[in-house]
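J.: Can you read through this structure? Questions will come right after.
Numbering (full-length UniProt numbering), first residue to last: 1 to 158.
Here it is, written out as structure tokens:
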């Protein structure tokens, strides 16, 4: 397995609020992808989120399945088709990473059902990280310190 370094100049452009099974937008549960030059980082705070990756928009069988438990995150590469499923107790949010020199408010993702832009809000923190990557460019990493997620959650909601 190789590693990909997200360049230090990349920033979190937008972040969603925390979603649960009761308020998750339908677009996230169906085939969608991020736009060119946008990585989606799915951070699970509680429960489990299962990520299914597809070879293309027409694929019906997933080529990748990643179970993301509380205290873990996974990153989906640009333009990679995917969908998610949630456990009953799941709570998660998504950060959208772009190059620092990316301009404007261009779209962050493509979905058959559009996620309203008002659900996306700017965030103020950025972390440089190294993530393991498989042959399709899908990244997955365990969060070593669950307390970091709790602190992140308090800072973002407080």
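Each residue gets a CB set at the ideal place from its N, CA and C atoms; glycine is no exception.
1) Can you look up residue 27 in the DSSP assignment and give me helix, strand or coil?
2) Tell me, please, which residues DSSP counts as bridged to residue 98.
3) Identify the residues that DSSP records as bridge partners of residue 49: which are they?
4) Is it buried or exposed for residue 8, if we count other Cβ within 10 angstroms and need 16 for buried?
5) Does the pairing of the region 56 to 72 with the region 9 to 29 give three or more beta-carbon distances under 8 Å?
6) Can we count residue 82 as close to the ligand GTP, meaning its CB is less than 7 Å from some heavy atom?
7) By DSSP's criteria, residue 44 is part of a beta bridge. Which residues make up the other side?
8) Do residue 89 and residue 53 count as a contact pair if the criterion is CB distance below 8 Å?
9) Assign residue 74 to one of three DSSP states: helix, strand, or coil.
T.: Let me spell this out:
1) helix
2) 11
3) According to DSSP, residue 49 bridges with 68 and 86.
4) exposed
5) no
6) Because no ligand of any kind appears in the structure shown, any question about the ligand GTP cannot be addressed here.
7) Partner(s): 92.
8) no
9) strand
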